[in-house]
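Here this note's numbering is used: the first residue of the sequence shown is 226, the next is one more, and so on.
Cβ atoms here follow ideal geometry from the backbone N, Cα and C, with glycine treated the same way.
Owing to the predicted nature of the structure, the values given are computational and were not obtained by experimental measurement.
Since the structure comes first, as C-alpha cells, the remarks are kept for the end.
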Amino acid sequence: MSANAEIQPPQQPAKKKGKRKTALLLLTLLFVIIAVAYGIYWFLVLRHIEETDDAYVAGNQVQIMAQVSGSVTKVWADNTDFVKEGDVLVTLDQTDAKQAFERAKTALASSVRQTHQLMINSKQLQANIDVQKTALAQAQSDLNRRVPLGNANLIGREELQHARDAVASAQAQLDVAIQQYNANQAMILN
C-alpha cells in the first residue's frame, strides 16, 4: 500500500445493498397499508363507538311526576336515559280511565235528563201561575160584586166573608205557584 493511495471503505456487495433497500421499502409499504386499513376501519366502524370507562357526563336530570294515577303496564325509558319533550316514558292501564269516562258520560246524560225535566216542569209551573191568576181575578170579581150587596144587606155576612176568604185563598195559591216556579228556575240555573 502506498502512501498516496486513498483509503477506501470496504465495498459491500451490491446484492446485499439491494436486498436491504427492498426490505425497507416492503416494510414501509406494509406500514402504509396497515395505516390506510386502520383509517378506513376507524371511519366506517370506530368513529361511531363512544367509550367513557364508567365516567359520568354532567346533564340535566329532571324528576318526572305523574299527571294522573294508574297502574303502569309498560316502561319505555330507563333511569338516566336521554329523552326529549313529548317522549312516552310509561304506559298506564286504561281500565280505570275508561271506567271514569263511562261514569262521567252517565252522569252527564243524567244531568241532561234532569235539566230537560226541570224545563218541562218550568212550563207546567208557568201554566199553573196563569191558572192561579185567573182564579184570583175571578175571586176578586166575585168579591167586588158581593161587597155592594153585603153593604145593602141583600146577602148574608157569611156569604160576603166566604168571598173574601176565596180571594185570600186564591192569592195564597198564586204566591205558592210563583214560589214553586222560582225554585224550579233556580234549579235550572244551577
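Pull up the DSSP beta-bridge partners for Thr-189, would you.
There is simply no residue 189 to check, as the chain begins at 226 and stops at 415 in what is shown.
Do the region 311-324 and the region 350-364 meet, that is, are 3 or more Cβ pairs less than 8 Å apart?
No, the region 311-324 is not in contact with the region 350-364.
Can you tell me whether Tyr-406 is buried or exposed? The criterion is at least 16 other CB atoms within 10 Å of its CB, across all chains shown.
Locating residue 406 in the sequence shown gives position 181, where the first residue counts as 1. With 16 or more Cβ atoms within 10 Å of its Cβ, Tyr-406 is classed as buried.
Burial state of Gly-375 (16 or more Cβ within 10 Å):
Within the sequence shown, residue 375 is the residue found at index 150, counting from 1. Around the Cβ of Gly-375, a 10 Å sphere holds 16 or more other Cβ atoms; the residue is buried.
Excluding five sequence neighbours on each side, which residues of the same chain lie with their C-beta closer than 8 Å to the C-beta of Ser-366?
As a working mapping, residue 366 is identified with position 141 in the sequence shown. Hits under 8 Å: none found.
Near Met-344, which residues of its chain fall below 8 Å by C-beta distance, leaving aside the five closest residues on each side in sequence?
Here residue 344 is taken as the residue at index 119 of the sequence shown, counted from 1. Cβ neighbours of Met-344 beyond the five flanking positions: Ile-413.
Neighbourhood of Gln-386 by C-beta, 8 Å cutoff - its chain only, sequence neighbours within 5 removed:
By 1-based counting over the sequence shown, the position of residue 386 is 161. If the five residues before and after Gln-386 are omitted, its C-beta is found closer than 8 Å to no C-beta atom of its own chain.
Give a yes or no on whether the C-beta atoms belonging to Ala-402 and Ala-364 are separated by under 9 Å.
As a working note, residue 402 is residue 177 in the sequence shown. As a working note, residue 364 is residue 139 in the sequence shown. At the C-beta level, Ala-402 and Ala-364 stay beyond 9 Å of one another.
Would you say Leu-317 and Ser-296 are within 9 Å of each other, going by their C-beta atoms?
Here residue 317 refers to the residue found at position 92 of the sequence shown. Here residue 296 refers to the residue found at position 71 of the sequence shown. Against a cut-off of 9 Å, the Cβ pair of Ser-296 and Leu-317 comes out as a contact.
Residues in its own chain within less than 6 Å of Leu-255 by CB, not counting five upstream and five downstream?
Taking the sequence shown and counting its residues from 1, the one referred to as residue 255 is at position 30. Cβ contact annotation for Leu-255 (same chain, cutoff 6 Å, sequence separation greater than five): none.
Rounding to the nearest angstrom, what Cα-Cα distance links Ile-259 and Asp-306 in this structure?
Translated into the one-based positions of the sequence shown, residue 259 becomes position 34. Translated into the one-based positions of the sequence shown, residue 306 becomes position 81. If I take the Cα positions, the gap works out to 38 Å.
Flag this pair as yes or no: are the beta carbons of Leu-361 and Gln-410 separated by less than 9 Å?
Translated into positions along the sequence shown, residue 361 becomes position 136. Translated into positions along the sequence shown, residue 410 becomes position 185. Their beta carbons are not under 9 Å apart, which means Leu-361 does not touch Gln-410 by this criterion.
Ignore the nearest five residues each way along the sequence and tell me which others in Ala-388's own chain have a CB closer than 6 Å to its CB.
What you label residue 388 is simply residue 163 of the sequence shown in a count that begins at 1. Cβ neighbours of Ala-388 within its own chain (closer than 6 Å, five residues either side excluded): Asp-367, Leu-368 and Arg-371.
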